[in-house]
């Protein structure tokens with residue numbers, strides 16, 4: 014549950030909402046869009062020079078089909094709301110997050126007084142620092158951001174995170190809202206770092222994610238399996254768990270990532286070996302076994318190929 018002081022700031026009825034309650038039967042398009050356009054214009058919602066802002070969602074009326082020229086993140090502070098995104102029906106409950114790509118076709122069903130949602134309006138360049146913080150690990154969030162930064166039409170139209178019971182995520186969202194409501198010093202830098210930390214937390218809860226792209230949803234299962242079974246996991250076991258054909262799964266992984274299952278597994282093993290070399294005094298032979306390589310000589314070869322230096326040299330350089 015979001016801080017009550019913040020909630021009380023968001024609860025009062027806005028001028029636009031009062032007009033709706035007084036009988037106006039549509040949204041005030043001039044607030045959001047240029048004439049004859051269904052694209053919500055960031056220039057109408059962001060002050061000049063700003064890369065991120067928030068506004069409460071307009072209640073008491075259906076918000077018609079539209080897209081955005083920015084990334085929108087919706088956080089449900091209280092109650093719930095129903096979103097139609099490219100034909101998919103998404104029910105957003107208290108404490109949940111919905112990320113929407115620029116080219117997502119989006120509409121929102123009528124909400125009531127206590128259905129309070131915050132819309133984050135974020136220009137793609139605001140994500141630069143967050144992307145850096147995500148590092149090399151592949152994830153749907155990273156793909157989503159990269160597509161946004163590159164101005165690409167994304168295959169991922171939305172990411173729906175059901176994380177209402179994850180306290181660190183709730184705290185980070187609350188921090189973002191607080192600094193955007195109040196005039197906090199170094200606000201941009203604080204918010205960029207907070208957003209990066211939020212993404213890192215969300216990647217740790219990918220099992221709580223619903224996603225528009227079904228192939229991406231499959232990849233979440235692949236990445237989760239590798240994360241938990243990098244030492245002894247196999248593609249055949251994974252295919253059996255997912256109830257799909259081994260060869261089809263192998264082709265889908267290659268088609269979507271440009272890498273084989275073995276490539277992804279090896280990347281995770283090398284990443285874990287780097288972590289152990291950086292943070293422990295465990296000898297290299299034991300690290301080799303710990304990350305899944307019984308043949309220590311082979312581990313030396315692939316580690317050197319991946320990092321440009323031997324495990325011992327890597328440890329000594331850090």
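Residue numbers (the numbering used here): 14 to 331. Backbone N, C-alpha and C fix where the C-beta goes; we use that ideal spot for every residue, glycine too. As the structure is a computational prediction, the values presented were derived from the model and not from experiment.
Q. Nearest CA to the CA of residue 141: which residue from 65, 71, 169 and 99?
A. Counting from 1 along the chain shown, the entry for residue 141 is found at position 128. Comparing Cα positions, the closest option is 65.
Q) If you run the structure through DSSP and keep just helix, strand and coil, what is residue 241? A) The sequence position of residue 241 within the chain shown is 228, counting from 1. Three-state result, residue 241: helix.
Q) In the stretch 33 to 61, which residue ranges form an unbroken alpha helix (DSSP H) of at least 4 residues, counting only runs that do not cross its ends? A) 42 to 45 and 55 to 58
Q: Indicate the three-state DSSP secondary structure (helix, strand or coil) for residue 114 in the structure shown.
A: Taking the first residue of the chain shown as position 1, residue 114 is located at position 101. Looking at residue 114 - three-state DSSP - the assignment turns out to be coil, as it is neither helix nor strand.
Q | Contacts around residue 300, its chain only, beta-carbon distance under 6 Å, and the 5 residues preceding and following it disregarded | A | Indexing the chain shown from 1 puts residue 300 at position 287. If we look at residue 300 and ignore the five residues flanking it on each side, its Cβ neighbours are 286 and 289.
Q. Can you tell which of 240, 269, 245 and 235 has its C-alpha closest to the C-alpha of residue 254?
A. As a first step, residue 254 must be located in the chain shown, where it is residue number 241. It is 235.
Q | In chain order, each beta strand (DSSP E) run of at least 3 residues that lies wholly inside the stretch 127 to 211 | A | 129 to 135 and 171 to 174
Q | CB-CB length for residue 214 against residue 185, believed under 8 Å | A | As a position in the chain shown, residue 214 is number 201, starting the count at 1. As a position in the chain shown, residue 185 is number 172, starting the count at 1. Yes, they are in contact, since the Cβ atoms of residue 214 and residue 185 sit about 6 Å apart, within 8 Å.
Q | In DSSP terms, what residue 77 is bridged to | A | One-based indexing of the chain shown puts residue 77 at position 64. Residue 77 pairs with nothing; no bridge assigned.
Q. Closest Cβ-Cβ distance between residue 299 and chain C: below 8 Å?
A. Reference to chain C is not applicable here, since this structure consists of a single protein chain.
Q) Where do the N-terminal and C-terminal ends of the alpha helix (DSSP H) with residue 314 fall, by residue? A) Residue numbering aside, residue 314 sits at position 301 when the chain shown is read from its first letter. Where residue 314 is concerned, the enclosing alpha helix (DSSP H) stretches over 309 to 320.
Q | residue 95 versus residue 316 - alpha carbon distance | A | Your numbering for residue 95 matches position 82 in the chain shown. Your numbering for residue 316 matches position 303 in the chain shown. Cα to Cα, the separation comes out at about 48 Å.
Q.
Give me the residue from 89, 85, 125 and 102 with the minimum Cα distance to residue 139.
A. To locate residue 139, count along the chain shown from 1; it is residue 126. Out of 89, 85, 125 and 102, 85 has the C-alpha closest to the C-alpha of residue 139.
Q: Determine the burial state of residue 250: buried for a count of at least 16 other Cβ atoms within 10 Å of its Cβ, exposed for fewer.
A: Position 237 of the chain shown, counted from the start, is the residue given in the question as residue 250. Flag for residue 250 reads exposed.
**Q.** Pairwise C-alpha distance: residue 191 and residue 67
**A.** Counting from 1 along the chain shown, the entry for residue 67 is found at position 54. Counting from 1 along the chain shown, the entry for residue 191 is found at position 178. The straight-line gap from Cα to Cα measures roughly 10 Å.
Q. Do you know how far the Cα of residue 327 is from the Cα of residue 321?
A. The residue you call residue 321 lines up with position 308 of the chain shown. The residue you call residue 327 lines up with position 314 of the chain shown. Their Cα atoms are separated by approximately 9 Å.
Q: Classify residue 104 as buried or exposed, calling it buried when 16 or more other Cβ atoms lie within 10 Å of its own Cβ.
A: Walking along the chain shown from the start, residue 104 turns up at place 91. Residue 104 should be labelled exposed.
Q: Spatial neighbours of residue 132 within its chain, please: CB distance less than 7 Å, with the 5 preceding and 5 following residues excluded, ordered by chain position.
A: The count along the chain shown starts at 1 and reaches residue 132 at position 119. So the list reads 67, 68, 70, 85 and 87, once near-sequence residues are dropped.
Q) Can you tell me whether residue 119 is buried or exposed, with buried defined as 16 or more other CB within 10 angstroms of its CB? A) As a position in the chain shown, residue 119 is number 106, starting the count at 1. It is buried - the Cβ of residue 119 has at least 16 other Cβ atoms within 10 Å.
(Q) What does the alpha-carbon distance come out to for the pair residue 55 and residue 263? (A) Position 42 of the chain shown holds residue 55. Position 250 of the chain shown holds residue 263. C-alpha separation (whole angstroms): 41 Å.
Q) If we call anything under 8 Å between Cβ atoms a contact, is residue 177 one with residue 107? A) Residue 177 sits at position 164 when you count from the first residue of the chain shown. Residue 107 sits at position 94 when you count from the first residue of the chain shown. Yes, Cβ-Cβ distance for residue 177 and residue 107 is below 8 Å.
Q | Start and end residues, beta strand (DSSP E) containing residue 106 | A | Translated into positions along the chain shown, residue 106 becomes position 93. Run containing residue 106: 101 to 106, per the beta strand (DSSP E) assignment.
Q. Just to confirm, are residue 52 and residue 82 a CB contact at a threshold of 8 Å?
A. Start at 1 with the first residue of the chain shown, and residue 52 comes out as number 39. Start at 1 with the first residue of the chain shown, and residue 82 comes out as number 69. Yes; because the gap between Cβ atoms is below 8 Å, this pair is in contact.
Q: Taking residue 154 and residue 207 to be in contact with their CB atoms under 8 Å, please state how far apart those CB atoms are, rounded to whole angstroms.
A: Working through the chain shown from its first residue, we reach residue 154 at position 141. Working through the chain shown from its first residue, we reach residue 207 at position 194. So it is not a contact: roughly 15 Å between Cβ atoms.
Q. From 248, 284 and 256, pick the residue whose C-alpha is nearest to that of residue 267; which is it?
A. Here residue 267 corresponds to residue number 254 of the chain shown, with the count starting at 1. Nearest option by C-alpha distance: 248.
Q: Could you check what DSSP says for residue 266 in three-state terms: helix, strand or coil?
A: Here residue 266 corresponds to residue number 253 of the chain shown, with the count starting at 1. Residue 266: helix per DSSP, three-state reduction.
**Q.** Beta-carbon proximity check, residue 170 vs residue 114, cutoff 8 Å
**A.** Taking the chain shown and counting its residues from 1, the one referred to as residue 170 is at position 157. Taking the chain shown and counting its residues from 1, the one referred to as residue 114 is at position 101. Their beta carbons are under 8 Å apart, which means residue 170 touches residue 114 by this criterion.
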